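Quick note, the sequences are listed as chains B and W, same order. The letter at position 106 of the first sequence is residue 106 when you use this note's numbering, and the numbering goes up by one with no holes. The letter at position 110 of the second sequence is residue 816 when you use this note's numbering, and the numbering goes up by one with no holes. Cβ coordinates follow ideal geometry from the N, Cα and C atoms, glycine included. Computed from a prediction, not measured in an experiment: that's the story for all the values here. Below is one structure, written out as structure tokens, with a few remarks after it.
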Amino acid sequence: MHLAWLIPILPLAAFLVIIFFGQNLKERSPYVGIAAIAGSFLVSCYAAVTWLAGHGKTGDFICNWAPYGSDMIRVGFSVDALTIMMLFVVTVVSMMVQIFSVGYMHGDKRFPRFFAYLSLFTCAMLSLVIANTLLLMYVSWELVGLTSYLLIGFWFEKPEAMRAAKKAFLVTRVGDVGFFLGLLLLYANVGSLELSKIFEHHTLIAMAAKEVSIPAIGAIAAIILGIFSYGFAAAALKGAKRLPIAIIAGVAVFAIVFALMHSLSVSLSIAAIAALLLFWGAMGKSAQFPLHVWLPDAMEGPTPVSALIHAATMVAAGVYLVARMYPVFHIDQRALMVVAAIGAFTALFAATMGLVMNDIKKVLAYSTISQLGYMMMALGVGGYTAGMFHLMTHAYFKANLFLGSGSVIHGTGTQDMRQMGGLRKKMPWTFLTFAIGTLALAGFPGFAGFFSKDEILLTAYHWEYGKIIFYAGLAGAFMTAFYMTRLVAMTFLGKPRDPSIHAHESWKVMLIPLFILAFLSIAAGYIGIPGHSIFGHYINPEVIGIEGMVEHHFSLVVMLLGTLAGIVGIGIASLIWIWPVLKFDWLKPSFGWVQTIVENKYYMDEINDIVVIKPLMFVNNAMYAFDRWVIDYAIVNGVGWFTLILSRFWSVFDKYVVDGLVNLVAETSKIGGRVLKFTQTGIVQQYAAITVICVILLSWYFLILR
Amino acid sequence: MSSWILTLITFIPLAGALLLMFIPKERPNTIKWFAIVVSFVPLVLSVIMWLNYKTGAAQFPHGIQFEVNLPWISQLGVNYRMGVDGVSVPMIFLTTLLVPICLIYSLIIETRPKEYFWLFLVLETGMLGTFSALDFFLFYVFWELTLVPMYFLIGIWGGPRREYAAIKFFLYTLVGSVAMLLAILALYFATPAPHTFDMMAMAKAGMDGRFTTLGASLVFWALFLGFAVKVPVWPFHTWLPDAHVEAPTAGSVILAGVLLKMGTYGFLRIILPIMPESSQRFWMPLAILALISIIYGALVAMAQKDLKKLIAYSSVNHMGYTMLGIAAAVAPGVLLNDRATALNGAQMQMFAHGIITGALFLLVGVVYERAHTRDLDSFGGLGARVPVFAGLFTLACFASLGLPGMAGFIGEFFVFRGAFPASILITALATIGIVVTAAYLLWTVQRVLLGPLNPKYEKMPDIDVREKLCVAPLIFFMLLFGIWPKLLLDILNTASLAIGAMFK
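The following block contains the structure:
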């Protein structure tokens, strides 16, 4: 498949054209971007066809990139089933989003640049997907981070937008360090970063066999939990006793955990360590707890960006990374268990926050985090196919929902759902497509999400280590249906709440992508019907060389329970917000504090501020003070002054001792001269007398004494 | 011709400087353009030299080519020996690239232009000579030759505290030089009679065995001091922020772009080949100092309020990666490929830092010319007013924080990849630097370019043609070597293999 390199190159070309000629292109810039992505889509189709015709065997494109020693780092592209699925997701969603943006971004002063950035993002994302070495994946991974930064901060005059952009880049970069270290560890053990080399069976076995014990894990856990508890208490408490209580809480938690776990020793295989480091990177990109904090803030970016990058594609890159590296994860089940635990926790944790948000995009953002957790959870319990299937369906319906919310924001000029209501009549098409997306997300039978969620629950149900993940999955399904119904009710149903808002339906250029995505939100599910899954035929563990994974057969119980969770969620939410029989406020007296915590997003941002940012700033300034006053002032200038003082001393010494000696000689001769001058009287008689005395003395000396 | 090309490259700037003296100072434009034209000649020649350098010839002593060896002061065993290998060719190219850029940028200099351009050309000869000398005596002469012009460039054309900075720069570096001179003499007298200053002869023999362990250590640390001050390695770095803040823009570019590289070049050309056993014995202290430089430099950079000082401290941070690569390359018991990787990384990082930080200093100069301040808190929102400048500045910052696709990443990646087998712990700790570097650079971008536009700068003009001409080539090479590193690594790898092969 030697044309595959064209897939990322076309959007790159579009980026270059728009960035250099945007001033001349102006309103025509989107055509360039859309044409390029359409080209990529066609090449992807061609790639898919040749791949099918070649029965899954395709030539790789690979080239020498950088020499080291006697070896060479090579980078390249290759195409397989997983790649093709991702190529379709990325090209289709990107194309829809770009078309939608023509309307949404109309009149923006940096209109061309927006499409340039979108094209650059698409390029990076596509090359991430078709890369066949971990290095190129990492490179693309960072580049999507860059474009995410640029697009979140697209309206950089807004202070919130610029801060959100920085936060997104830095938090994901914390994750990237894990990816980077994982990459180095694999490199050191495999000797190559080419995926095909890493996945060689004997390599994997060797890495799984080498156990490394990790020291002091209990102590580290105790310190982290102690600091975290301190931060939580300091953030949640108000009033004068805040700090003492927080310190006590922190120390107490540290002491308890330390007492319980200090003797705990963990030993992991190299494969598991590498997998977990890679997962650490995936957690940053896919906003898994505790690195999820950047994604809700990223909603400051223009809504099409949220749809493309922060819902459908880039944030799914972490999930994709785990799936792509699945052989490494799978070889040591302990790594997968961590993935399952973090994924399930994130799915529930984020969903609770989705329940209480009033900003339409924030609800969708927490929903995205929750769904990404769902995918991770699926991968963790062995549901390789299920996780990928959900990634695909989610991309379509979440893009649909985000673009729908964009249409709402465009039509009303606000993001606050409390100001909306009754938009059903004014924006009927938006409502229709949004409702389809909602039902898909809620897992309503017949819609795409139903099939993928069912598949995930099925695998979780059969997980060999217990049913807990399955129940978490059910709870997640319930909450998802609940908050989505609340969102739709508050936005589209009932009566308009704010008379000052004059909503209008969006332009056709924005509605058409919504229709297409709504169609996909239904249709995408039907390639994965249980028992006849085309999706599962091409994307399953056996294709990537993992043997012995049981294929779970359709289970009516699981399907009924899953559907029930969704329908109950929709039902209860309807009884609160559509037909107000129940009241959310009833919970307040006894669970008000829970609500406060959740509404404050579990104080994660504040904790971050208290335990990371403030200490970091303190350390910076302390280091600088040290640099300035100790190293530079005391030592370097100290040496200078010491030299100066020394030179003063020597100059005094020089003046009074060395020069003194010189002067002493002079003085001596001077004094001598002064003394001797008394002999120079000019009186002849005295001279004669001295001569006589001298003669007598000399005669006496020579004649008598000798 | 081929053996004289180095001599031509090195001395054409000096010849230009001599001719420049005959142009009357009442004609500043003639002086400026004459100097610029002269500075392009070594650039062209160095490209020719690079293209004609045969890579892959890893014969000892590391593929020295374009060599000249003539007796100079034969009574003392001093020779005029010049030659280049994979370490020096890119450094010579970097120097000859940066000097014309600096001179074009300096077209705006109005005070005493004749002296300024004269000193710059003399400085170029000193730098180029340092990178091509293979005789210790000659090396020392060139090494010291760079000090004087830079002293005057800071002291005359610098900022308000220029005299303090210039003297500090001069004295601090001189302390290092004196230590190096003592080491050179010790090495000289340790060579078998007739004594020689020939570095290649010393490298071939490996000088550790000619001293006692203590003697070899003293020579090693004396050489270390000489080069570490220049790099600068923590804790010998405090001259750097002062010198950078006070130096004129072009001076900062040369300082960061070339003079710092002379320090790490000294490690690669002199310490590693001549004292291999001592280097290996002390690899851990070197690696720890490098680690401290990386993290400390990044943290202190984050505390800065002055844009130029921030970039100065970022140099401590980035040169720390180079030092880490050098230290890791001589760790005992790692494979030759890992050594070569670490050295590739160190050299790549040298080159990348030269062009990236050069570009950053130019851009700081651009904004300083307009705003007359470098106080980070006084900017804000310039991105909306000066989009081209904003794009270039953002690009340079991302290159500096090691974004893949640009040269800085290649350096860091290879350093980490090479250092990993030597010490996983130090490599893992050094990755903290990656995050902090990103933090302070993004924060800088935010404080300068983003947010609401400060009304003071409502009429600020965007970057002009001269400034674009200066920055564009640097951006070009950042991207070129970031996307296609093989172009540069082919030549670096030749040297890395040869140096790496000296260690077990």
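#1: Given that a residue counts as buried once 16 or more other Cβ atoms are within 10 Å of its Cβ, and exposed if not, what is Ser999/W?
#2: Taking 9 Å as the CB-CB cut-off, is Met1008/W touching chain B?
#3: Return the chain-ordered list of same chain residues with a C-beta closer than 6 Å to the C-beta of Ala934/W, the five sequence neighbours on each side being excluded.
#4: If we ignore side chains and look at the alpha-carbon of each, how far apart do Pro730/W and Glu816/W end up?
#5: Would you say Leu825/W and Leu859/W are within 9 Å of each other, going by their C-beta atoms?
#6: Using a Cβ-Cβ distance under 9 Å, would Arg733/W count as near chain B?
#7: Going along the chain, which residues of its own chain have a beta-carbon closer than 7 Å to the beta-carbon of Tyr189/B, five neighbours each way excluded?
#8: Any beta-carbon of chain B closer than 9 Å to the one on Ser1106/W?
#9: Using only alpha-carbon positions, find the residue among Lys1014/W, Leu804/W, Tyr822/W that is nearest to Val1072/W.
#10: With the cut-off set at 9 Å, would you say Ala996/W and Phe1057/W are in Cβ contact?
#11: What residues in its chain sit with their C-beta under 6 Å from that of Ser78/B, if we drop five residues either side in the sequence?
#12: Looking at Gly387/B: is its Cβ nearer than 9 Å to the Cβ of His330/B?
#13: Within 10 angstroms of its Cβ, does Asp1083/W collect 16 or more other Cβ (buried), or is it exposed?
#14: For Arg787/W, count neighbouring Cβ atoms within 10 angstroms of its own Cβ and tell me buried if that reaches 16, exposed if not.
#15: Apart from the five residues just before and just after Phe1095/W, which ones in its own chain have a Cβ nearer than 8 Å to its Cβ?
#16: Which chain B residues sit within Cβ distance under 7 Å of Thr879/W?
#17: For a minimum of 4 consecutive residues, which ranges assigned as the alpha helix (DSSP H) are wholly contained in the stretch 56-112 of chain B?
#18: Could you spell out the range, first to last residue, of the beta strand (DSSP E) harbouring Met788/W?
#19: In angstroms with no decimal places, state the Cα-to-Cα distance between Thr1047/W and Tyr149/B.
#20: Could you name the residues of the same chain whose beta carbon sits closer than 7 Å to that of Leu725/W, not counting the 5 residues immediately before and after it, in chain order?
#21: What does Val1141/W reach in chain B if we use C-beta pairs closer than 8 Å?
#22: Distance, Cα to Cα, Phe1182/W vs Ile1189/W?
#23: Helix, strand or coil for Leu6/B? Go by DSSP, reduced to three states.
#24: Along chain B, in chain order, which residues have C-beta atoms closer than 8 Å to that of Trp1149/W?
#25: For a contact meaning CB atoms closer than 8 Å, what does Ile1116/W contact in chain C?
#26: Tell me which residues share the same chain as Thr679/B and place their Cβ nearer than 6 Å to its Cβ, disregarding the 5 neighbours each side in the sequence.
#27: In chain order, which beta strand (DSSP E) runs of at least 3 residues are fully inside the stretch 491-555 of chain B?
#28: Determine the DSSP secondary structure at Leu1069/W, reduced to helix, strand or coil.
#29: Flag this pair as yes or no: are the beta carbons of Ile18/B and Phe115/B separated by less than 9 Å?
#30: Can you grab the Cα-Cα spacing for the pair Leu16/B / Lys26/B, in whole Å?
#31: Quick one: using the 10 Å Cβ neighbour count with 16 as the cut-off for buried, is Met707/W buried or exposed?
#32: Along the chain, which unbroken stretches of the beta strand (DSSP E) at least 3 residues long are found entirely within the stretch 259-302 of chain B?
#33: Beta-carbon separation of Met283/B and Asn358/B under 9 Å?
#34: Give the list of continuous alpha helix (DSSP H) stretches no shorter than 4 residues that lie fully inside the stretch 975-1008 of chain W.
#35: Give the single residue among Val774/W, Gly882/W, Leu827/W, Leu804/W whose Cα lies nearest to the Cα of Phe740/W.
#36: Give the straight-line distance between the Cα atoms of Tyr1146/W and Ile1017/W, rounded to the nearest whole angstrom.
A quick look at the data gives this:
#1: Around the beta carbon of Ser999/W, 16 or more other beta carbons lie within 10 angstroms, which makes this residue buried.
#2: It does: the Cβ of Met1008/W has a partner Cβ on chain B nearer than 9 Å.
#3: So the qualifying residues of the chain are Phe942.
#4: Cα-Cα distance, rounded: 15 Å.
#5: With respect to the 9 Å criterion, Leu825/W and Leu859/W are classified as neighbours on the basis of their beta carbons.
#6: Not one chain B Cβ lies under 9 Å of Arg733/W.
#7: Correcting the residue type first, residue 189/B is Asn in the shown sequence and not Tyr. A distance below 7 Å between beta-carbons, with the five flanking residues on each side excluded, links Asn189/B to the following residues of its chain, in chain order: Met207, Ile270.
#8: No, Ser1106/W lies away from the interface with chain B (no Cβ there is under 9 Å from its Cβ).
#9: Checked all of Lys1014/W, Leu804/W, Tyr822/W; the closest Cα to Val1072/W is Lys1014/W.
#10: No.
#11: So the qualifying residues of the chain are Asp60, Asn132.
#12: Cβ distance not < 9 Å, so Gly387/B and His330/B don't count as in contact.
#13: With fewer than 16 Cβ atoms within 10 Å of its Cβ, Asp1083/W is classed as exposed.
#14: Within a 10 Å sphere around the beta-carbon of Arg787/W sit 16 or more other beta-carbons, which makes this residue buried.
#15: Its chain contains Leu1069, Val1072, Val1073, Leu1088, Asp1168, Ile1169 as the residues whose beta carbon lies nearer than 8 Å to that of Phe1095/W, once the 5 sequence neighbours on both sides are disregarded; these appear in chain order.
#16: What Thr879/W touches in chain B: nothing, since even the nearest Cβ is about 13 Å away.
#17: If we require 4 residues or more, the alpha helix (DSSP H) runs fully inside the stretch 56-112 of chain B come out as 81-104.
#18: Where Met788/W is concerned, the enclosing beta strand (DSSP E) stretches over 784-790.
#19: The straight-line gap from Cα to Cα measures roughly 31 Å.
#20: So the list is empty, once near-sequence residues are dropped.
#21: Those are Leu170, Arg173, Val174, Val177, listed as they occur along chain B.
#22: Between Phe1182/W and Ile1189/W, the C-alpha separation is close to 11 Å.
#23: Reduced to three states, the DSSP call for Leu6/B is helix.
#24: Within chain B, the residues near Trp1149/W are Lys166.
#25: Here chain C cannot be found, since the structure's protein chains are B and W.
#26: Around Thr679/B: no qualifying Cβ.
#27: Taking only runs of at least 3 residues, no beta strand (DSSP E) segment lies wholly in the stretch 491-555 of chain B.
#28: Helix, per DSSP.
#29: Yes, they are a contact pair.
#30: Rounded to whole angstroms, Leu16/B to Lys26/B spans 14 Å at the Cα level.
#31: Per-residue confidence for Met707/W stands at a pLDDT of 49, beneath the threshold of 50, marking its modelled position as unreliable; the derived number appears in the next sentence. Label assigned to Met707/W: exposed.
#32: Qualifying beta strand (DSSP E) stretches, in chain order: 266-269.
#33: No.
#34: Listed in chain order, the alpha helix (DSSP H) runs fully inside the stretch 975-1008 of chain W are 982-987, 989-1008, counting runs of at least 4 residues.
#35: Per the Cα distances, Leu827/W.
#36: C-alpha separation (whole angstroms): 10 Å.
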